[in-house]
Amino acid sequence: MSEAIASSGGHITLLFSIHSDSEDLMQQGSRGAGFNVESGVTCRVSTKALEEDEDFSMSIAVFSDGVQIKDESISFLYVDVFEEYLQRGLLDESQSYAIDVQLELPLSQGFGMSAAGLIACSTALCKLHNLDIDATRIAHLMERRNSSGLGDVLASTVGGVELRLEPGAPNSQGKAVSFAFDSEVILCWDPMAKRHTSTYIDDDNWQISISSAGEDAMLRLRDGDWKPNRWPDLIKEAQLFAEKSGMMEEKSRVHLLRRVEEKLPDGYAALLCMLGTSVCIIPEQAGEIPTSLTDSLEGIDYLRTWIS
6 MSEAIASSGG HITLLFSIHS DSEDLMQQGS RGAGFNVESG VTCRVSTKAL EEDEDFSMSI
66 AVFSDGVQIK DESISFLYVD VFEEYLQRGL LDESQSYAID VQLELPLSQG FGMSAAGLIA
126 CSTALCKLHN LDIDATRIAH LMERRNSSGL GDVLASTVGG VELRLEPGAP NSQGKAVSFA
186 FDSEVILCWD PMAKRHTSTY IDDDNWQISI SSAGEDAMLR LRDGDWKPNR WPDLIKEAQL
246 FAEKSGMMEE KSRVHLLRRV EEKLPDGYAA LLCMLGTSVC IIPEQAGEIP TSLTDSLEGI
306 DYLRTWIS
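Read left to right, the sequence shown gives residues 6 to 313 (the working numbering).
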């Protein structure tokens, strides 16, 4: 038996514009801005030799908080990655494969978990077979094929607080810059209200309102060097985007945002995460967040993590 393990952190999009018109999935994506976080997905891929009477096979198990999620719509992403590698002739059909996935954040809440899972699985397969290919490009292809995201994979390749300048796959059409920001953040969500990314990015009306607000913000954010002193600019533009894009018109989002905002002391901001029913609490100055803040979040689902 042999195995490989890979992890990928989540990603929080704060503002964006949609670029999905190209027939080439590798050129699709988004412009926008956000930040990467440590918490995300860990994927373990293991193989064992087939017995004489066994056929080539693959099994997938997805876990969250130690509990297996038996939902084919979730495991399908990992099946898609596996089949892509298989169709390219990159796997060993004399082996059986087992894929074990551990989720540290909830799905469909704007935390970039689809992209994190795709990257982790793709990277683990590359490590297992010592493949000299770009795992993130395959992850981007799967992300667009399933309409599970736009620019999360690209953002993950640069880390930190990123500005996605051009849409597309990493190391290709997609272009992004970033800066390091050593800060803790708190991610909050409503577990009863989930949103699949495709609900918005595949809807013509949402595409117009989101892209108009996103391009407006990007005009200002891409003016000048992208360095840590732009953090306040990002906070301001994220707040404007939430209003102008129409995201603040959805009651469940606004309800969660207001609940969180009323708990915050001076020096902190609560921003919507695109595109879940979720909010990120961020400090105006980089650093650790005191436990007294999370102590005040009683009744709200949250997780503390760091920008990575």
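In this text, a Cβ means the ideal position worked out from N, Cα and C, and glycines have one as well.
Buried or exposed for residue i, please, with buried defined as at least 16 other CB atoms from any protein chain shown within 10 angstroms of its CB.
i: residue 35; result: buried
i: residue 123; result: buried
i: residue 120; result: buried
i: residue 92; result: exposed
i: residue 266; result: exposed
i: residue 204; result: exposed
i: residue 156; result: buried
i: residue 158; result: buried
i: residue 290; result: exposed
List the whole-angstrom C-beta distance separating residue i from residue j, where the pair is believed to meet the contact cut-off of C-beta under 8 Å.
i: residue 276; j: residue 243; result: 5 Å
i: residue 188; j: residue 311; result: 7 Å
i: residue 39; j: residue 17; result: 5 Å
i: residue 33; j: residue 149; result: 5 Å
i: residue 83; j: residue 131; result: That belief does not hold up - the Cβ atoms of residue 83 and residue 131 are roughly 15 Å apart, past 8 Å.
i: residue 262; j: residue 284; result: 5 Å
Is the CB-CB distance between residue i and residue j below 7 Å?
i: residue 66; j: residue 105; result: yes
i: residue 99; j: residue 136; result: no
i: residue 1; j: residue 296; result: A question about residue 1 goes unanswered here, because the residues of the chain that appear run from 6 up to 313.
i: residue 246; j: residue 222; result: yes
i: residue 194; j: residue 270; result: no
i: residue 48; j: residue 181; result: no
i: residue 108; j: residue 69; result: yes
i: residue 103; j: residue 62; result: no
Excluding the 5 residues flanking residue i on each side, which residues of the same chain have their C-beta closer than 8 Å to its C-beta?
i: residue 239; result: 19, 38, 166 and 226
i: residue 139; result: 175 and 176
i: residue 259; result: 253
Does residue i come out as helix, strand or coil in the three-state DSSP assignment?
i: residue 150; result: helix
i: residue 197; result: coil
i: residue 30; result: helix
i: residue 311; result: strand
i: residue 278; result: coil
i: residue 119; result: helix
i: residue 6; result: coil
i: residue 180; result: strand
i: residue 290; result: coil
i: residue 135; result: coil
i: residue 73; result: strand
i: residue 240; result: helix
i: residue 129; result: helix
Within a Cβ cutoff of 6 Å, which residues of the same chain sit near residue i, ignoring the five residues on either side of it in sequence?
i: residue 250; result: 214, 215 and 218
i: residue 74; result: 67
i: residue 287; result: 190 and 274
Taking 7 Å as the CB-CB cut-off, is residue i touching chain D?
i: residue 267; result: The structure shown contains no chain D; it holds only a single protein chain.
Who are the near neighbours of residue i in its chain, counting only those whose CB is closer than 7 Å to its CB and skipping five residues on each side?
i: residue 15; result: 42, 44, 45, 110, 116, 117, 118 and 121
i: residue 151; result: 82 and 85
i: residue 211; result: 205
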